[in-house]
Structures are given as C-alpha cells and as structure tokens.
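Written out below as structure tokens is the structure these notes cover.
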Amino acid sequence: MEVERDDSSSDKGVGAGSKYKKKCSAPSSSSSSKKSVSKSSQKALTKTDENWPKDIPSDCEFCLMDCGDKLRAAMHQGQFHICWAIAHARCIEAWIHIKYGIVVHLSPQHLVNNIRNKCKKTGEVHKYNEIREFLVTNGLVLEETCPFSGEITANCPKSCQKSAGTTYKIKSLKYMKSKEVNEEELIKIVSKGPILAVVDAFESFNAYKDGIYKGQRNQADTWYGRHVILVRGFDTTLDGVNYWKIQNSWGTEWGQNGNGMMIRKSSQEGNKPSLFLKVIQLEVRSKEGCQWSLIVWTVVSPCFCLQCM
1 MEVERDDSSS
11 DKGVGAGSKY
21 KKKCSAPSSS
31 SSSKKSVSKS
41 SQKALTKTDE
51 NWPKDIPSDC
61 EFCLMDCGDK
71 LRAAMHQGQF
81 HICWAIAHAR
91 CIEAWIHIKY
101 GIVVHLSPQH
111 LVNNIRNKCK
121 KTGEVHKYNE
131 IREFLVTNGL
141 VLEETCPFSG
151 EITANCPKSC
161 QKSAGTTYKI
171 KSLKYMKSKE
181 VNEEELIKIV
191 SKGPILAVVD
201 AFESFNAYKD
211 GIYKGQRNQA
221 DTWYGRHVIL
231 VRGFDTTLDG
241 VNYWKIQNSW
251 GTEWGQNGNG
261 MMIRKSSQEG
271 NKPSLFLKVI
281 QLEVRSKEGC
291 QWSLIVWTVV
301 SPCFCLQCM
C-alpha cells in the first residue's frame, strides 16, 4: 500500500458528528439486558494452530486475536464529543500493559483539558497536530490525578503539575494517507495489540446491540458524523464471517457491555471498502524512568468531515 506523509493531519469534525445534536453525546443508558461478549483465547496463536485466521498475511508469524484482558471496562463519554481522548488514553494503557506487564489508568480528562483546538460547544477535534504535540511534550497523568468529569471546559487540578515527572508520553505521531485502509496491514498490527479507528456513526451504530455490525443499512439510516473507537482484536464466526472486535465509549449499555463486532472488508459483500475511515496505531518503543515513549502511526483515507458548527 503506497502512502503519503501528511504532517498537517487535518481531520475535522471527529467526535461523533458536529452538526447533529442528537449524536453530540453518547446514547443514554437503558435497563435493557445485554449478552456477554464471548471470550476468545488470549494466547498468541501461531500458523500451526487450528484456528489461525484464514485472511492473515503470509508474513505474519503470530497473532493475539483479542487484547480484551488488557483493557478496562468501557467508559461513557457523556454528552460531549470526546471519544478521541478516551480512545487515545485506553490504547496507550493497553500497549503499556502488553509490552511491560504494567497496569496504569491514564486520564482522558487530562487530554481534554489541555487540547485547545476543539469545538467549544461539542468538544470534537479539528486536527490531530495539537494532540500529537501534547502527548509528545507533556504526556498523560494518571486518572487518580485528574479524574474524569466529561466536561470540555474544565481545568486540570494543581496535582497535575506535581505529577509532571510521572507522565506517560509518546515518542512520535505520524500521519499517512491512502485511498483505502488496508485491512491486511491492520491485521498485522492488531495481532499484537489494539489500534484506534475512525468510523461513520449511523443511527444503526447508535442502536447496535449484538451480532456483527455491517455499516449503513440503507439511505434512511441517518448519518450523525464520525466517531473514534478502539479496535481490540479480530475473529471469524463458525460460518466463516471475518470481523473486528471493538470497544466503544458509550458505556456498558451499548452493544455487549460496551463492546461490539464490525465486519472486516474480507467478508463485505461486493467490493465495499473497509468500515474504518482512519486508523491510528500506538506502539510502545522504550521506557525512560517514569516517562514512557511510544510511536503512533496513522493510515487514513480521504476525509470529508463536516465543519464545526
């Protein structure tokens, strides 16, 4: 897949829609019962295993099909478009756990409080440049230092300044563009740990309960904007349907305890593209005292998001 470096990293309107008030917030909780997510083996597979996925690239030597045991329970982002902050914090947590076996609870609120280039009404971001700069220069504090409030105009407590020596930073954040997300390349990444993905949020996604989500149902399936999710793994049904395992930020009442399944391109009907419009990879590279270094890559398709209203 040929890619083009893009340092401008424009990605306007990410955060579950800017124009549509109905989707500015996560769906409200209900008392409906949910099926539990089926647990697949957390053991890394090799090519000799019977359940080695059929669409794994030939140069992939091993695969961790689900990193769910490295993730906390799904959060509820509340009424604002801050899925991007929750997804970044949770993904970094998971990679630290996978790479070093250390459990940390990072603060998405710390990221929200310090990103100024966001919509003052909804909290959605316009570009990832500022996120990259903040995570490289400052990093995230622990959640106990900056508890989650879900507000977009909050200031960090003074304890954040005292924690400057124990922040969790990234080493780099690079953007790459492609006409279409290459899911074979993504499988190589997700076989080792989670990634972030930007998807279109339709009414059907909002109402998702269980099964494999296949995207917009029809023209009447209202589009609310773009939304960031965490891709935690992948699997194949007994009928041979390939799907991604995801975690959302709309609380545990959405989907199956806050988790869901989205069809992979290899099982789409016809020649439909990937449901992922953009993906972001975080890879733990090294640890320097209390400051962690990670490298973040993105593979994106052309973005036609709404302007912030």
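Take the sequence shown: its letters are residues 1 to 309, numbered as in the UniProt record's numbering.
Every residue, glycine too, gets a C-beta built ideally from N, C-alpha and C.
Predicted, not measured: the structure shown is a model, and the values here were computed from it.
Assigned exposure category for residue i - 16 Cβ within 10 Å defines buried
i: residue 281; result: buried
i: residue 155; result: exposed
i: residue 118; result: buried
i: residue 208; result: buried
i: residue 100; result: exposed
i: residue 270; result: exposed
i: residue 153; result: exposed
i: residue 110; result: buried
i: residue 105; result: exposed
i: residue 24; result: Caution applies to residue 24, whose pLDDT of 40 falls short of 50 and renders its modelled position unreliable; the value that the coordinates give is listed next. Residue 24 comes out buried.
i: residue 218; result: exposed
i: residue 190; result: buried
i: residue 93; result: buried
i: residue 274; result: buried
i: residue 73; result: exposed
i: residue 102; result: exposed
i: residue 137; result: exposed
i: residue 253; result: buried
Alpha helix (DSSP H) segment containing residue i, residue limits
i: residue 205; result: 203-206
i: residue 89; result: 83-100
i: residue 112; result: 108-114
i: residue 209; result: First-last for residue 209: undefined, no H or E at that position.
i: residue 189; result: 183-190
Endpoints, beta strand (DSSP E) assigned at residue i
i: residue 259; result: 259-263
i: residue 236; result: 223-236
i: residue 243; result: 242-247
Neighbourhood of residue i by C-beta distance below 6 Å, restricted to the same chain and skipping five residues each side
i: residue 141; result: 107, 110, 160, 163 and 167
i: residue 41; result: Below a pLDDT of 50, predicted positions are generally treated as unreliable, and residue 41, at 41, falls in that range; no measurement from the model is reported.
i: residue 68; result: 232
i: residue 98; result: 70 and 193
i: residue 9; result: Unreliable positioning characterises residue 9 in this predicted model, as indicated by a pLDDT of 47, which lies under 50. A coordinate reading is not provided.
i: residue 204; result: 217 and 221
i: residue 21; result: With a pLDDT of 39 at residue 21, under the threshold of 50, the modelled position of this residue cannot be trusted, and the question is left open.
i: residue 82; result: 112 and 123
i: residue 75; result: 86 and 249
i: residue 276; result: 181 and 197
i: residue 267; result: 241 and 242
i: residue 148; result: 109
Same chain only: Cβ atoms within 7 Å of residue i, ignoring 5 sequence neighbours per side
i: residue 260; result: 208, 213, 246 and 248
i: residue 115; result: 125, 130, 131 and 134
i: residue 37; result: For residue 37, the predicted structure reports a pLDDT of 39, less than 50, and the residue's modelled location is therefore unreliable. A value from the coordinates is still provided. Excluding residues within five positions, the ones whose Cβ falls inside 7 Å are 256, 257 and 259.
i: residue 139; result: 167, 168, 169 and 291
i: residue 143; result: 105, 106 and 107
Spatial neighbours of residue i in its chain, beta-carbon cut-off 8 Å, leaving aside the 5 residues before and after
i: residue 202; result: 215, 216, 217, 221, 222, 223 and 224
i: residue 272; result: 215 and 265
i: residue 146; result: 107, 109, 110, 113, 156, 157, 159 and 160
i: residue 91; result: 194, 195, 196, 230, 280 and 282
Legend entry - contact_flag[the stretch 145-161, the stretch 231-244] where n(CB pairs < 8 Å) is 3 or more: Not touching, per the Cβ criterion.
Fill in: Residue ranges of each beta strand (DSSP E) within the stretch 117-156, 3 or longer
Restricted to the stretch 117-156, the beta strand (DSSP E) segments that are unbroken, complete and at least 3 residues in length are 125-127, listed in chain order.
* Do the stretch 194-212 and the stretch 121-130 touch if we need at least three Cβ pairs shorter than 8 Å? -> By the Cβ rule, the stretch 194-212 does not count as touching the stretch 121-130, because fewer than three pairs are nearer than 8 Å.
Inter-stretch contact at 8 Å, needing at least 3 Cβ pairs: the stretch 222-233 / the stretch 83-90 = Yes, since at least three Cβ pairs between the stretch 222-233 and the stretch 83-90 fall closer than 8 Å, the two stretches touch.
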